[in-house]
Structure formats: structure tokens, C-alpha cells
Amino acid sequence: MGETYAEHGTDTANSAAEELFSALYEADEDLVAALLGAGVSPEADDGGGGTALHSAAVAGRAPLVRLLLAAGADPDRRTAEGELPLCGAACWGRTEVVRALITAGADPG
Numbered sequence: 001m002g003e004t005y006a007e008h009g010t011d012t013a014n015s016a017a018e019e020l021f022s023a024l025y026e027a028d029e030d031l032v033a034a035l036l037g038a039g040v041s042p043e044a045d046d047g048g049g050g051t052a053l054h055s056a057a058v059a060g061r062a063p064l065v066r067l068l069l070a071a072g073a074d075p076d077r078r079t080a081e082g083e084l085p086l087c088g089a090a091c092w093g094r095t096e097v098v099r100a101l102i103t104a105g106a107d108p109g
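Going by my numbering, the sequence shown opens with residue 1, and the numbers climb by one from there.
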């Protein structure tokens, strides 16, 4: 995978984002890491206004949250509805995710 997904245009980028969301849903840390390493954006959008980080945060997938944050996901990026990953994680009682987001600099205010 010498080239990044971004170098292939939007159709491939959309497919890559779909693959990332599928890997997040399956909690496949190795595949998420490989996709991020191959250039898939950690800021991927689910097509409905949600973000990869928000999806992982609400699901309580702390290791995946840390992978996305390490790859550059913005801990304060809001969904189309204005929800923050930190708020989603806190509302669902995802304590480990809340800690990871705050450690990464998420604004708790």
C-alpha cells in the first residue's frame, strides 16, 4: 500500500471511510491501525454527520479512540447535530473513553 487513499480520489476515499467505520464497528484494532497507516483520515465522516471518533467514543471502544486520536482526530470535532465525542462518551458512561479524550485535550467545558 505505497500510496494513500487520498491520492486515489473521492470514490476510493469514501470506500476507505466505509471500511474504517466497519472496522470500528467490529472493534478490529489491527485493521483500524492499518487503514490509518495507509492514509485513511482519522476525521472520517459516516455520511450522516457523525465522525469516526464519535462512533468509537459512544461505543466505548477506548483502544480505538486512542488510535484515532494518535492519528490526528480532533477530540473537539462536533457531529452535524453539534455533539462532541466527550459528551457522547459521558452520556453512555464510557469512563475509559472519557479519560482518553480528556488526556488528549478534549475541552470538558
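C-beta atoms are modelled at their ideal positions from N, C-alpha and C, and glycine is treated no differently.
Enumerate in chain order the residues of its own chain whose CB-to-CB distance from residue 32 is below 6 Å, with the five nearest sequence positions on each side excluded.
Here residue 32 is taken as the residue at index 32 of the sequence shown, counted from 1. The residues are 23, 64, 67.
Am I right that residue 69 and residue 44 are in contact with their C-beta atoms under 8 Å? What's the rounded C-beta distance?
Along the sequence shown, one-based indexing puts residue 69 at 69. Along the sequence shown, one-based indexing puts residue 44 at 44. Not a contact, Cβ separation roughly 14 Å.
Distance, Cα to Cα, residue 92 vs residue 56?
For the purposes of this step, residue 92 is taken as the residue at position 92 of the sequence shown. For the purposes of this step, residue 56 is taken as the residue at position 56 of the sequence shown. In a straight line, the C-alpha of residue 92 is about 12 Å away from that of residue 56.
Return the bridge partner residues of residue 51 from the DSSP annotation.
As a position in the sequence shown, residue 51 is number 51, starting the count at 1. The partner list for residue 51 (beta bridge, DSSP) reads 45.
Using 8 Å as the threshold, is the C-beta distance between residue 62 and residue 100 below it?
Counting from 1 along the sequence shown, the entry for residue 62 is found at position 62. Counting from 1 along the sequence shown, the entry for residue 100 is found at position 100. Yes, Cβ-Cβ distance for residue 62 and residue 100 is below 8 Å.
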